[in-house]
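Under this note's numbering, the first residue of the sequence shown is numbered 103, with each subsequent residue one higher.
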Amino acid sequence: RKSSLPMSQVVSMSNIPILLGVPVAVVGVLSTISPPFADFVAKLFKLSRAVTHMLLSSEGKVKSDLKKMTDPALLLQEKGLSGLEKREIVFIRHGESAWNEVFNKGKMPMKLLFIPFRLTRALLREALCSLSSHSLFLDSPLSPEGVTQAKELATFMSDTANAGTSPAEQKYLRIVRNQDGAVFASSNLRRAIETVGIGLWGTIRDKKVQVAVLSDLQEISPNVDTLTLSEPDKLPPLPDLPGMLSDPSLELTTCFKTKYNSGQKALFESASKRLVRFADWCFDSEETKGGGAAVVAAGHSLWFQTFFKAFMGRETDHVAKKKKIVNAGCVGF
């Protein structure tokens, strides 16, 4: 059958695969011979994924999703407390992140006044690391102040004179110091891994602890800083962490296990499912099943706050449902 298009249009349309293929081939070759260029291309893909997540993800609908969950108070009334398996859990919030430093630092109205200056500085720094795997905005790492906060946590935990002023504090300090046996976990975002690595380094080093990296602890928010740079079953890039621990030759895989890290959170999955899966992990994982080991989890303020909203009774009035945990702060329950 003869084409009804003019010959010039037929010829030009036949060139489309070539026109598309040449730039793709050039990018592929450059990515192969130039690691910085490969990092740049990978970062462009991750940035596009982050923007898509910000615009289309279901993260902003978590409040309505919680309303669909059964009220825990009703379950307790129905089944009672007898025979229920329990876990002691300690949440540790990460230190201040580079994202927090730009957008959340200070109080109104001064915060709004300084955001443009901090944002301009951050964008310049982001541009300077465009040919590397590092990023200030994607999977935002600890800021300098966040590193200091994590080190202050380490100092507090390593000082045995800090034994707690109440039986509850004493119990949770023993848990975090792994004096009675505990399971340790972290979000797959860099700021959480850095905080637990620095803040609990004494315990990790002396007790030979391996921290489980859990993608289900990934922060709840559509913001780009909540997107992980880690691939499934791998750690995100953490080139500065060994140096922060005064052990430049440290192999991080000896301190962190990644079999529970499935990589990026799903675009349209309800964040409430991550809360439920973490709760299941605390009871049914290889590390926790059949025992009474406490769980120490490093993560994020909105995730923790949402967890308390999900698993405390709907009518329960508690500060944990209203306030964020402070940077590098710990809450036990």
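Note that CB positions come from ideal geometry on N, CA and C, so glycine has one too. Fair warning: this is a prediction, and the values are worked out from it, not measured in the lab.
- Query: Between V278 and V192, which are expected to be in contact by the criterion C-beta below 8 Å, what is the C-beta distance as a whole number of angstroms?
  - Reply: Contact flag correct, Cβ pair sits at about 6 Å.
- Query: Whose C-beta lies closer than 6 Å to the C-beta of A175 among residues of the same chain, with five residues either side of it excluded?
  - Reply: Excluding sequence neighbours, A175 sits near G415.
- Message: Determine whether the beta carbon atoms of D335 and N363 lie at a separation below 8 Å.
- Response: Against a cut-off of 8 Å, the Cβ pair of N363 and D335 comes out as a contact.
- Under the rule that 16 or more other beta-carbon atoms within 10 Å means buried, what is A270, buried or exposed? A270 is exposed by the Cβ-count criterion.
- Would you check if the distance between the CB atom of P243 and the CB atom of S199 is smaller than 8 Å? If you check the CB distance, P243 and S199 come in under 8 Å.
- Item | CB contact below 8 Å: R151 versus chain D | Absent from the structure: chain D. Only one protein chain is present.
- Roughly how many angstroms separate the alpha carbons of R227 and F239, rounded to a whole number? Distance from the CA atom of R227 to the CA atom of F239, rounded to whole angstroms, is 10 Å.
- Query: Taking the C-alpha atoms as reference points, what is the distance between R103 and F147?
  - Reply: With a pLDDT of 49 at R103, under the threshold of 50, the predicted position of this residue should be treated as unreliable, though the coordinate-derived value follows. When rounded, the distance between both Cα atoms is 42 Å.
- Task: Using three-state DSSP, classify G283 as helix, strand or coil.
- Result: For G283, the three-state secondary structure derived from DSSP is coil.
- Message: Please report the distance separating the alpha-carbon of K423 from that of D167.
- Response: Each residue's CA atom was taken as its position, placing K423 and D167 some 16 Å apart.
- Message: Could you give the first and the last residue of the continuous beta strand (DSSP E) run that contains F54?
- Response: Any question about residue 54 goes unanswered here, given that the chain covers just 103 to 435.
- Message: Taking only three categories from DSSP, how would you classify C231?
- Response: When DSSP states are grouped into helix, strand and coil, C231 belongs to the coil group.
- Element boundaries [beta strand (DSSP E), containing C432]: Counting along the chain, C432 sits inside the beta strand (DSSP E) bounded by residues 432 to 434.
- Message: Using C-beta distances below 8 Å, list every residue in its chain close to V164, excluding the 5 sequence neighbours before and after it, in chain order.
- Response: Counting only Cβ-Cβ distances below 8 Å, and skipping sequence neighbours, we find I322, S372, A373, S374, T408.
- Message: If the criterion is Cβ atoms closer than 8 Å, does the pair P138 and L215 meet it?
- Response: Not in contact: P138 and L215 (Cβ atoms no closer than 8 Å).
- Message: Quick check on this structure: which residue in F410, R195, K411 has the alpha carbon closest to the alpha carbon of R293?
- Response: Nearest to R293 by alpha-carbon distance, out of F410, R195, K411, is R195.
- Below 7 Å CB to CB, which residues in the same chain sit around P339 once its five sequence neighbours on both sides are set aside? Only residues of its own chain outside the window of five on either side were considered, and among them S235, H236, L331 have a CB closer than 7 Å to the CB of P339, listed in chain order.
- What's the C-alpha gap between G434 and G208? Between G434 and G208, the C-alpha separation is close to 27 Å.
- Is the segment 148 to 155 in contact with the segment 379 to 390, if contact means three or more CB pairs nearer than 8 Å? The segment 148 to 155, when compared against the segment 379 to 390, does not touch it at the 8 Å Cβ threshold.
- Assuming Q320 contacts R376 under a Cβ cut-off of 8 Å, what Cβ separation, rounded to an integer in Å, is found between them? Confirmed, about 7 Å.
- Pick helix, strand or coil for L244, following the three-state DSSP scheme. Strand at L244.
- Query: Can the beta-carbon of S317 be found less than 8 Å from the beta-carbon of K359?
  - Reply: For the 8 Å CB-CB criterion, S317 and K359 do not form a contact.
- Query: T328: buried (16+ other C-beta within 10 angstroms of its C-beta) or exposed?
  - Reply: Around the C-beta of T328, 16 or more other C-beta atoms lie within 10 Å, and the residue is accordingly described as buried.
- Alpha-carbon spacing of S351 relative to T305, whole angstroms: Rounded to whole angstroms, S351 to T305 spans 19 Å at the Cα level.
- Message: Our contact map puts T297 next to G197 with C-beta atoms below 8 Å; I'd like the distance itself, whole angstroms only.
- Response: The pair is a contact, with the Cβ atoms about 5 Å apart (cut-off 8 Å).
- May I ask you to report which of helix, strand or coil DSSP gives A314? A314 carries a strand assignment under DSSP once its states are collapsed to helix, strand and coil.
- Item | Local conformation of V249 per DSSP, three classes | If DSSP states are grouped into helix, strand and coil, V249 belongs with the helices.
- Quick one: measure Cβ to Cβ for F380 and E187, integer angstroms, because I've assumed they're closer than 8 Å. A Cβ-Cβ distance of about 16 Å is found for the pair F380 and E187, leaving them out of contact under the 8 Å criterion.
- Query: Among I427, N264, V285, L157, which has the Cα closest to the Cα of K310?
  - Reply: The option with the nearest alpha carbon to K310 is V285.
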